[in-house]
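Structure record follows, encoded as structure tokens.
Protein chains: 2
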Amino acid sequence: MKCIKSISGMKNFSRMQHSQGFKIGFVPTMGYLHKGHLSLVEIAKRNADKVVVSIFVNPTQFGPNEDLDRYPRNINRDKKILSGMGVDALFLPSKKMMYPEGYLTYVEVERLSKILCGASRPKHFRGVTTVVLKLFNIIEPDIAVFGEKDYQQAVIIKRMVSDLNLNVRIFTGKIVREDDGIAMSSRNTYLSSDERKRAAVLYKSLLLAKDLVKSGEKNCKKIKNRMKKLIKSEGGKIDYVEIVHSESLESLLSIEDKARAVVAVWIGKTRLIDNMQLK
Amino acid sequence: MKCIKSISGMKNFSRMQHSQGFKIGFVPTMGYLHKGHLSLVEIAKRNADKVVVSIFVNPTQFGPNEDLDRYPRNINRDKKILSGMGVDALFLPSKKMMYPEGYLTYVEVERLSKILCGASRPKHFRGVTTVVLKLFNIIEPDIAVFGEKDYQQAVIIKRMVSDLNLNVRIFTGKIVREDDGIAMSSRNTYLSSDERKRAAVLYKSLLLAKDLVKSGEKNCKKIKNRMKKLIKSEGGKIDYVEIVHSESLESLLSIEDKARAVVAVWIGKTRLIDNMQLK
Numbered sequence: 011m012k013c014i015k016s017i018s019g020m021k022n023f024s025r026m027q028h029s030q031g032f033k034i035g036f037v038p039t040m041g042y043l044h045k046g047h048l049s050l051v052e053i054a055k056r057n058a059d060k061v062v063v064s065i066f067v068n069p070t071q072f073g074p075n076e077d078l079d080r081y082p083r084n085i086n087r088d089k090k091i092l093s094g095m096g097v098d099a100l101f102l103p104s105k106k107m108m109y110p111e112g113y114l115t116y117v118e119v120e121r122l123s124k125i126l127c128g129a130s131r132p133k134h135f136r137g138v139t140t141v142v143l144k145l146f147n148i149i150e151p152d153i154a155v156f157g158e159k160d161y162q163q164a165v166i167i168k169r170m171v172s173d174l175n176l177n178v179r180i181f182t183g184k185i186v187r188e189d190d191g192i193a194m195s196s197r198n199t200y201l202s203s204d205e206r207k208r209a210a211v212l213y214k215s216l217l218l219a220k221d222l223v224k225s226g227e228k229n230c231k232k233i234k235n236r237m238k239k240l241i242k243s244e245g246g247k248i249d250y251v252e253i254v255h256s257e258s259l260e261s262l263l264s265i266e267d268k269a270r271a272v273v274a275v276w277i278g279k280t281r282l283i284d285n286m287q288l289k
Numbered sequence: 011m012k013c014i015k016s017i018s019g020m021k022n023f024s025r026m027q028h029s030q031g032f033k034i035g036f037v038p039t040m041g042y043l044h045k046g047h048l049s050l051v052e053i054a055k056r057n058a059d060k061v062v063v064s065i066f067v068n069p070t071q072f073g074p075n076e077d078l079d080r081y082p083r084n085i086n087r088d089k090k091i092l093s094g095m096g097v098d099a100l101f102l103p104s105k106k107m108m109y110p111e112g113y114l115t116y117v118e119v120e121r122l123s124k125i126l127c128g129a130s131r132p133k134h135f136r137g138v139t140t141v142v143l144k145l146f147n148i149i150e151p152d153i154a155v156f157g158e159k160d161y162q163q164a165v166i167i168k169r170m171v172s173d174l175n176l177n178v179r180i181f182t183g184k185i186v187r188e189d190d191g192i193a194m195s196s197r198n199t200y201l202s203s204d205e206r207k208r209a210a211v212l213y214k215s216l217l218l219a220k221d222l223v224k225s226g227e228k229n230c231k232k233i234k235n236r237m238k239k240l241i242k243s244e245g246g247k248i249d250y251v252e253i254v255h256s257e258s259l260e261s262l263l264s265i266e267d268k269a270r271a272v273v274a275v276w277i278g279k280t281r282l283i284d285n286m287q288l289k
């Protein structure tokens, strides 16, 4: 596996692959890899000839009081894992390289980036779309893979790709869960052992919603109230509990085929998210 | 010359040229072509193997009370001119194709897009950078050519290309002027014959600034006051008269090597712009 640290080096690698007729699959990450990431790498491997993974803890998607500085890192472990999976290139740019002095350009997907996670993290998705667009321009992937754990992010990226006429096809990977159902996330390492147990309530609340729908409940408000009650009973502090349309992310009053429950909950000082298709 | 109306048709054309090893030069325009545009086409021809010109009156760069609806159009004349110049493809997308229902994504170069023309046209440059980025993604040019008449626009496009790691090289073409010095612009057609005569005052004010600098004047405020006085004497209504650094566009107090005078003036109901390097 090639470890590439410069933008020009990365561009050259991609150009070389394309000139030989290879399709590039790309998985952008912030590192500290878990099985969720690895499932995305597998999707890239199945749908492209060469796989590029990036590790970059992107400062522009963190708010001023968020966890940029303490975001977990373990590059050597990540390298071993990716190399073992047959990844062809790991792109490791520096902050200074990605956002040099005088940097001024941002891309934003309006409306979609202001709701749900965007309501409590106002510049988060602007940072995500900007860095993803930059990585696309540097790596020029034929396909790119995003995880459904960050469901809103995947919807926003797809919208950006379509709106900006980008030449990349977006794949999404299903949520990978621990034995107790909690969605894999690098941020789970922030949890104390007690919090870790209580964090399963996000998944439980989604299952509850699914069960209620299965038993014929169509009223989203009623379902959300039951979810909120359950989450609070485990000491979770709710950022949002919503039932939305899977594509427009618009809030639904009544359950329909594309209904998806999405939750963001503080467990202690850690903000966790999860989501589930309800039908 | 191929006239291409669909995005997929345009992408196919470009892919075909690239697969044969040809470099593509691109000149984006809003049509109603004049000698200024044609000088940009010549630059594209000299620096690339195949030349693509787009004609698209981009709605997102016009404000609600601006001249979108009355912007001059003459596609048949434009086609003849471009075909006669040996242009390889003319891209003519529709508004609906470029901004389909549900369109949400915009790119913005902060700070630079809020000053000078951006102060009186708040969403103008956001519209310009968005459409140019879309056109770059559709046409995938190796080089693209912009005119220096829209000087701020050229600076902003260069900043976007650098910030977003785009794989295109930007060239700029010098301002082409009529006999009395007025910069060629499709909007000059709005002027009555009396206004047309008075419009030469933009150029005259720039020459005055250059002469003052030549004679040793270094105080930008004094130079700007002389320019304003001259413009007002011809009945021009000043939007801005500024002396800025050619790259940062920051306002200068004292003349330096990269000083550039930039002006925006209303002549009757027509807003005209012009600029000149002072040293």
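Each protein sequence line maps, in turn, to chains X and V. Just so it is clear: in the first sequence, position 8 is 18 by my numbering, and no numbers are missing. Just so it is clear: in the second sequence, position 124 is 134 by my numbering, and no numbers are missing. Every residue, glycine too, gets a C-beta built ideally from N, C-alpha and C. Just so it is clear, the structure is predicted and the values come from calculations on it, not from any experiment.
#1: Please state whether DSSP places V/Met286 in a helix, a strand or coil.
#2: Check this for me: beta carbons of V/Phe146 and V/Val117, under 8 Å apart or not?
#3: Ends of the alpha helix (DSSP H) at V/Ala219?
#4: What residue from X/Val251, X/Gly128, X/Thr115 has the CA that sits closest to X/Lys238's CA?
#5: Can you tell me whether V/Arg136 is buried or exposed? The criterion is at least 16 other CB atoms within 10 Å of its CB, across all chains shown.
#6: Report yes or no: do three or more beta-carbon pairs, one from the region 159-176 of chain X and one from the region 198-206 of chain X, lie closer than 8 Å?
#7: In three-state terms, what does DSSP make of V/Gly46?
#8: Just verifying my parser: in three-state terms, what is the DSSP assignment at X/Lys12?
#9: Identify whether X/Pro38 lies in helix, strand or coil by the three-state DSSP scheme.
#10: On the premise that V/Ala219 lies in contact with V/Ile233, defined as a C-beta separation below 8 Å, what is that separation, rounded to the nearest angstrom?
#11: Does DSSP classify X/Ile128 as helix, strand or coil?
#12: For a cutoff of 8 Å on Cβ pairs, would you count V/Asn285 as touching chain X?
#13: Once the 5 residues before and after V/Leu222 are set aside, which same chain residues still bring their CB inside 6 Å of it?
#14: List, from N- to C-terminal side, the alpha helix (DSSP H) runs of 4 residues or more that fit wholly inside the region 136-166 of chain X.
#15: Which residues in chain V sit within 8 Å of X/Leu176, going by Cβ to Cβ distance?
#16: Please list the residues of the region 106-126 of chain V that have a C-beta atom closer than 7 Å to any C-beta atom in chain X, keeping them in chain order.
#17: What is the C-beta distance between X/Ile17 and X/Met107, in whole angstroms, given that I count them as a contact (C-beta under 8 Å)?
#18: With a 10 Å radius around its C-beta and 16 neighbouring C-beta atoms as the bar for buried, classify V/Met170 as buried or exposed.
#19: Alpha carbon to alpha carbon, how far is X/Leu216 from X/Glu52?
#20: So, using beta-carbon positions, are V/Val186 and V/Ser24 closer together than 8 Å?
#21: Going by C-alpha distance, which of X/Val37, X/Met95, X/Ile277, X/Ser104 is nearest X/Arg208?
#22: Counting only the same chain and skipping the five closest in sequence on each side, list residues whose C-beta sits under 6 Å from that of X/Gly128.
#23: Can you tell which of V/Asn68, V/Val138, V/Lys159, V/Glu120 has the C-alpha that lies nearest to the C-alpha of V/Ser104?
#24: Which residue's Cα is closest to the Cα of V/Gly226: V/Ile253, V/Glu266, V/Asn235, V/Arg121?
#25: Count the C-beta pairs between the region 91-103 of chain X and the region 149-162 of chain V that are closer than 8 Å, then say yes if the count reaches three, no if not.
#26: Using alpha carbons as the reference points, say which of V/Gly112, V/Glu120, V/Asp98 lies closest to X/Gly112.
#27: Please name the residue, chosen from V/Ala54, V/Glu188, V/Arg206, that lies closest to V/Lys45 on a Cα-to-Cα basis.
#28: Helix, strand or coil for X/Arg179 per DSSP?
#29: Quick check on the DSSP output: the beta strand (DSSP E) that includes X/Asp249 runs from which residue to which?
#30: Count the other CB atoms within 10 Å of the CB of X/Leu263; is the residue buried (16 or more) or exposed (fewer)?
#31: For X/Gly245, which residues of its own chain have a beta-carbon under 8 Å away from its beta-carbon, when the five flanking residues on both sides are left out?
#32: By DSSP, does V/Ser261 sit in helix, in strand, or in coil?
#33: Considering only C-alpha positions, which residue in the set X/Gln71, X/Arg236, X/Phe66, X/Cys230 is nearest to X/Val211?
#34: Is X/Ile153 closer than 8 Å to X/Ala54 when the C-beta atoms are compared?
#35: The alpha helix (DSSP H) that contains X/Ile277, what's its start and end?
#36: Could one say the Cβ of V/Arg131 lies closer than 8 Å to chain X's Cβ atoms, at least one of them?
Inspection of the coordinates gives the following:
#1: Looking at V/Met286 - three-state DSSP - the assignment turns out to be strand.
#2: no
#3: Unbroken alpha helix (DSSP H) run through V/Ala219: 211-224.
#4: It is X/Val251 whose Cα lies nearest to the Cα of X/Lys238.
#5: buried
#6: no
#7: helix
#8: Looking at X/Lys12 - three-state DSSP - the assignment turns out to be strand.
#9: In this structure, DSSP gives X/Pro38 an extended state, which the three-state scheme calls strand.
#10: So it is a contact: roughly 5 Å between Cβ atoms.
#11: Checking the sequence shown, residue 128 of chain X turns out to be Gly, not Ile. Residue state, collapsed to three classes: helix.
#12: Not one chain X Cβ lies under 8 Å of V/Asn285.
#13: Ile233
#14: none
#15: Asn147
#16: Tyr113, Leu114, Thr115, Tyr116, Val117, Glu118, Val119, Glu120, Arg121, Leu122
#17: X/Ile17 to X/Met107, Cβ: 6 Å. Contact.
#18: The C-beta of V/Met170 has 16 or more other C-beta atoms within 10 Å across all chains shown, which makes the residue buried.
#19: One C-alpha to the other measures close to 26 Å.
#20: Remark: C-beta atoms of V/Val186 and V/Ser24 do not approach each other more closely than 8 Å.
#21: Checking every option, the nearest Cα to that of X/Arg208 belongs to X/Ile277.
#22: The beta carbon of X/Gly128 is closer than 6 Å to those of Phe135 in its chain, skipping five residues each way along the sequence.
#23: Of the candidates V/Asn68, V/Val138, V/Lys159, V/Glu120, V/Asn68 places its Cα closest to the Cα of V/Ser104.
#24: V/Glu266
#25: no
#26: V/Glu120
#27: V/Glu188
#28: It is a strand residue.
#29: Counting along the chain, the beta strand (DSSP E) containing X/Asp249 begins and ends at 247-255.
#30: Result: exposed.
#31: Arg208, Ile277
#32: strand
#33: X/Arg236
#34: yes
#35: Segment 269-277 is the beta strand (DSSP E) holding X/Ile277; no alpha helix (DSSP H) there.
#36: no
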